[in-house]
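In the numbering used here, the protein residues as written are 5 to 218. Note that CB positions come from ideal geometry on N, CA and C, so glycine has one too.
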């Protein structure tokens, strides 16, 4: 551990990603047992097939993710990455060549100071000693998907929202696409479509948690 890392640890001691218990790197043993795990972590969504989501978007998971996204709790991403990396290794081991993420818009990143999906992908990739690739750019500062109630509204809201970048890294590759929460799958569907049109051989999707579809 470097001096700066040691200093940061003293000033901002690690906490459990979900309950906030101090002195814990990642997820505490109590939360590991009590988290609302999905009985079937592969969730079928039209046009993206089975999306991996190990946790239910409820209770302590929902609270932790909302804090992470909207209240600058970036440190939670370490524990989130632990959970997602383990699930991805169990269900997708050997099925992908590289990892990317669904980016937020430039405006939203400036407002928050970070891109939550990138951090989740980075901490997930840490377990495999690789770094996530930036293969998508969000060009449309649309309204938040969470503010829309119907499937149709969500689908229309993300059409044309992403473009492929670094296309030389996409062609012929099997790509693991990471986002934080799975609801209707509209965002992942659009992002995966862009990657496939840019030449990806295969796109598989993973999120930390899944919300029940209405």
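Cβ-based neighbour list, residue i, same chain, cut-off 8 Å, excluding 5 preceding and 5 following
| i | result |
| --- | --- |
| residue 81 | 21, 72, 120, 123, 124, 126 and 127 |
| residue 59 | 39, 40, 41, 42, 65, 87, 212, 213 and 214 |
| residue 11 | Any reading at residue 11 is ruled out, since the residue's pLDDT is 47, under 50, leaving its predicted position unreliable. |
| residue 199 | 104, 139, 140, 168, 174, 179, 181 and 207 |
Sequence-distant residues of the same chain with beta carbon closer than 7 Å to residue i, five excluded per side
| i | result |
| --- | --- |
| residue 196 | 52, 181, 207 and 209 |
| residue 100 | 178, 179, 180 and 208 |
| residue 63 | 40 |
| residue 54 | 46, 47 and 48 |
| residue 8 | Unreliable placement is indicated for residue 8, whose pLDDT of 48 sits below 50; no coordinate value is reported for it. |
| residue 205 | 176, 177 and 178 |
Integer-rounded CB distance, given that residue j should sit under 8 Å from residue i
| i | j | result |
| --- | --- | --- |
| residue 169 | residue 212 | With a Cβ gap of about 24 Å, residue 169 and residue 212 do not count as contacting. |
| residue 214 | residue 42 | 6 Å |
| residue 136 | residue 105 | 6 Å |
| residue 47 | residue 186 | 6 Å |
| residue 142 | residue 107 | 5 Å |
| residue 92 | residue 56 | 6 Å |
| residue 76 | residue 117 | 7 Å |
DSSP beta-bridge partners of residue i
| i | result |
| --- | --- |
| residue 53 | 49 |
| residue 213 | 59 and 185 |
| residue 126 | Per DSSP, none; premise fails for residue 126. |
| residue 107 | The partner list for residue 107 (beta bridge, DSSP) is empty, contrary to what the question assumes. |
| residue 178 | 206 |
| residue 162 | None, per the DSSP bridge assignment. |
| residue 66 | Answer is none; residue 66 lacks a bridge partner. |
| residue 102 | 179 |
| residue 72 | BP columns for residue 72 are empty, so no partner. |
| residue 168 | 140 |
| residue 26 | 19 |
Span of the alpha helix (DSSP H), counted from its first residue to its last, around residue i
| i | result |
| --- | --- |
| residue 110 | 110-116 |
| residue 31 | Where residue 31 is concerned, there is no enclosing alpha helix (DSSP H), given that its DSSP letter is neither H nor E. |
| residue 192 | 190-201 |
First and last residue of the uninterrupted beta strand (DSSP E) at residue i
| i | result |
| --- | --- |
| residue 87 | Unbroken run through residue 87 is the alpha helix (DSSP H), 81-96; no beta strand (DSSP E). |
| residue 141 | 140-142 |
Close-in-space but distant-in-sequence residues of the same chain around residue i (CB under 6 Å, 5 per side omitted)
| i | result |
| --- | --- |
| residue 89 | 128 and 131 |
| residue 193 | 51 and 52 |
| residue 162 | 190, 191 and 194 |
| residue 29 | 18 |
| residue 113 | 119 |
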